[in-house]
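Novice: For any residue, its number in the working numbering is found by taking its place in the sequence shown, counting from 1, and adding 30.
This is the structure I have questions about; it appears just below.
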Amino acid sequence: MSEYQTILLEEKSPHVSLLTFNRPERANAMNTQMGIELRQVFTDYYVDSKDTRCLVVTGAGDKIFCAGGDLKDRNGMTDRQWQEQHAIYEQMVRLMRDCPIPVIGCINGAAYGGGCEFALGCDFLYAADTAKFALTEITLGIMPGAGGTLNLPHAV
């Protein structure tokens, strides 16, 4: 499996891969690099899932699955950089939706903002007793743009 900066991708058994959001120092928040890496993972599975029969997704640590978008990263962006980042995430969401193998979200803590939307995009969810879900971006005037409002009714 490839080397990544913001995620870990491991083969846990002959047919199961584990993807871990791996930015615990930033509450596993999604930045542009993570978007690029997630897009690549889903592109690779779309082209050739090999012997992998399911992908399990979780977050590093036991308190946060994913805090959503990295707002500190976003605050330093120009409008063009933000649009480019958003395009990366739109592509990743489409590739995840079209992934030929089931994507199982294992929510081991808080799933806020884009993290909640990512979780809602999974084919199946397993939530620990400590799991919390919230589309917190709306309190900042940001629309849930990764399918959260579309996927929420289907998940409930």
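No residue lacks a Cβ here, since even glycine has one placed at the ideal position from N, Cα and C.
In angstroms, rounded to a whole number, what distance separates the CA positions of Ala240 and Lys162?
Specialist: The structure shown does not extend to residue 240, since the chain spans only 31 to 186, so no value can be given for it.
Novice: My assumption, with CB atoms under 8 Å, is that Leu85 sits in contact with Ile131. Please give the rounded CB distance.
Specialist: Indeed, because the Cβ distance is near 6 Å, the residues count as touching under 8 Å.
Novice: May I ask you to report which of helix, strand or coil DSSP gives Lys80?
Specialist: In this structure, Lys80 counts as coil in the three-state DSSP scheme.
Novice: For Asp78, is the classification buried or exposed, using 16 other Cβ atoms within 10 angstroms of its Cβ as the cut-off for buried?
Specialist: Flag for Asp78 reads exposed.
Novice: Let me make sure I understand the geometry here. Which of Pro54, Cys136, Glu33 has the alpha-carbon closest to that of Gly151?
Specialist: Closest option to Gly151, Cα to Cα, is Cys136.
Novice: Three-state secondary structure (DSSP) at Thr36?
Specialist: Coil.
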